[in-house]
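In the working numbering, the protein residues as written are 16 to 308.
Please read the structure below before turning to the comments.
Have a look at this one:
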């Protein structure tokens, strides 16, 4: 059956540079936000009222920047469920909230082969979500078909078609319960309590935002000037092939000789599609703690 979001106390939405899995032991959704330069992790909470209006709740009235290196914990008091499940309807691809629309690094990129976490090369933020149903956010689907491109050697690109770019997680509470968000970090912490109320629910976005386009590119898009092209070279003087933020996932996972891949929109021969979405690890049974060596 389709998900009835009206039954949720809060819906957690994750996008931007993020990689996650479901911990098979704790039954929690674990998400790793990667702190690439100029990527800013922001939390925004919206309250959907019975009249269908969007409001900023008193508990979290402003968008909150979250410093990388933080830890985020989301759980319910009086939860309706304690385990995390994935929404996978029987007819794959027919439902825009089918979790299988999310790119699965192990199942789609590496065709079922496992990958292992490694010591992170950049600052990360850990997030733990308890007792949720995971799905692909309906209104966050790529407008173009997406291709998988191998970066370390020549290989025929693979078409993934349209993909989900944000993962959602619905958390339900019993009467008198609430969804509690706790953030601990180097810039200080805070807590946000979202109580269950009849006829209302909360949408909480965690967006590890991509940097804005360079001024030259933005000006060119507006027809004001030609963009400046910067050519990068290796130490041997060879041109560096452009790539998208998808390659940043290799900051925390090791493909162990299985190859390095990128995503691109449109032209399958290029790897610079600037794809920066939530990506999943369907085989991995724990994300944290990441190795320290």
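Using N, Cα and C, we set each Cβ at its ideal position, and we do this for glycine too.
Cα atoms of residue 26 and residue 165: separation of roughly 35 angstroms, rounded to the nearest angstrom.
The C-beta separation of residue 149 from residue 99 comes to about 6 angstroms, placing the pair in contact by the 8 angstroms criterion.
A direct Cα-to-Cα measurement between residue 275 and residue 167 gives close to 6 angstroms. The Cβ atoms of residue 94 and residue 217 do not sit closer than 8 angstroms to each other. Residue environment for residue 65: exposed (fewer than 16 other C-beta atoms within 10 angstroms of its C-beta).
A residue is called buried when at least 16 other Cβ atoms come within 10 angstroms of its Cβ; residue 16 does not meet this threshold and is exposed. Around the beta carbon of residue 105, fewer than 16 other beta carbons sit within 10 angstroms, so the residue counts as exposed. Under the three-state reduction of DSSP output, residue 264 falls in the helix class. When the Cα atoms are used, residue 40 and residue 67 turn out to be separated by approximately 38 angstroms. In the structure shown, residue 299 adopts coil according to DSSP, grouped into three states. Beta bridge pairing from DSSP links residue 55 with 224. The stretch 171 to 214 contains no complete alpha helix (DSSP H) run of 4 or more residues. Separation of the CB atoms of residue 207 and residue 74 is rounded to 5 angstroms, and the pair is thereby assigned contact status at 8 angstroms.
Just measuring C-alpha positions, the residue of 146, 174, 301 sitting nearest residue 188 is 146.
In the structure shown, the three-state DSSP call for residue 154 is coil. For residue 277, DSSP records a beta bridge to 164. For a cut-off of 8 angstroms, the C-beta gap from residue 143 to residue 43 is around 5 angstroms, short enough to register as a contact. In this structure, the alpha-carbon of residue 268 lies about 23 angstroms from that of residue 183. About 6 angstroms separates the Cβ atoms of residue 137 and residue 51, confirming a contact at the 8 angstroms cut-off.
Between residue 177 and residue 156, the gap from beta carbon to beta carbon is short of 8 angstroms. Annotated three-state conformation of residue 37 is strand, per DSSP. Cβ-Cβ distances below 8 angstroms link residue 181 to 28, 29, 30, 151, 152, 155, 292, 293 in the same chain, with the five nearest sequence neighbours on each side left out; the list follows chain order.
DSSP places residue 258 in the coil class of the three-state scheme, outside both helix and strand.
In the DSSP assignment, residue 291 falls outside any beta strand (DSSP E), carrying neither H nor E. Annotated three-state conformation of residue 20 is helix, per DSSP.
Between residue 130 and residue 278, the gap from beta carbon to beta carbon reaches 8 angstroms or more. In summary, residue 266 is buried, with 16 or more beta-carbon neighbours lying within 10 Å of its beta-carbon over all protein chains present. Cβ neighbours of residue 210 within its own chain (closer than 6 angstroms, five residues either side excluded): 193. Excluding the 5 residues flanking it on each side, residue 224 has same chain C-beta neighbours closer than 8 angstroms at 31, 54, 55, 56, 57, in chain order. Looking at the backbone, the Cα of residue 186 and that of residue 19 are separated by about 11 angstroms. If you ignore the 5 residues before and after residue 116, its C-beta comes within less than 8 angstroms of the C-beta of 108, 151, 156, 177, 178, 179, all in its own chain and listed in chain order.
Residue 124 carries a helical assignment under DSSP once its states are collapsed to helix, strand and coil.
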